[in-house]
Amino acid sequence: FCTLLCVKSTRKMVTWPKKKKMHCGRCKTHKDFKIVQYKAGKARLHAQGKRRYDSKQAGYGGQTKPIFHKKTKTTKKITLKLQCTTCKRTVQNVLKRCKTFQLNDKKKSGNKDPTW
Numbered sequence: 776f777c778t779l780l781c782v783k784s785t786r787k788m789v790t791w792p793k794k795k796k797m798h799c800g801r802c803k804t805h806k807d808f809k810i811v812q813y814k815a816g817k818a819r820l821h822a823q824g825k826r827r828y829d830s831k832q833a834g835y836g837g838q839t840k841p842i843f844h845k846k847t848k849t850t851k852k853i854t855l856k857l858q859c860t861t862c863k864r865t866v867q868n869v870l871k872r873c874k875t876f877q878l879n880d881k882k883k884s885g886n887k888d889p890t891w
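Following the numbering used here, the numbering of the sequence shown begins with 776 at its first residue and continues without gaps.
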């Protein structure tokens, strides 16, 4: 009971290949997928939430909405964008939390010179 709740898997470093063979739902076969890390786009100035915030901030009265300062998380969830190389279909995949994330060019190979 306690082992299930108390044990936390903290991943230090996660590595993924830049290309991976996966099943494509549109092609209905296994194809090569190009993998890149998701990055949030530029915030739009005329989005409804931004317009509402700016109009509330305008004039006298100081800061109207709370600004978050108590940052406690040391890791971020990693989101990957997987794109099929043939039909260009894009799928997003969310990984677990990790400190550092890396995309590798070559596959991980075992040690060629074993030490006995």
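The C-beta atom is built at its ideal place from N, Cα and C for all residues, glycine as well.
Computed from a prediction, not measured in an experiment: that's the story for all the values here.
| Item | Value |
| --- | --- |
| With distances taken Cα to Cα, identify the nearest neighbour of residue 867 among 812, 836 and 845. | 812 |
| Any contact of the region 801 to 818 with the region 830 to 841, i.e. 3+ C-beta pairs under 8 Å? | no |
| Specify the secondary structure class of residue 829 as computed by DSSP and reduced to three states. | helix |
| Does DSSP put residue 812 in a helix, a strand or coil? | strand |
| Do the CB positions of residue 808 and residue 854 come within less than 8 Å of each other? | no |
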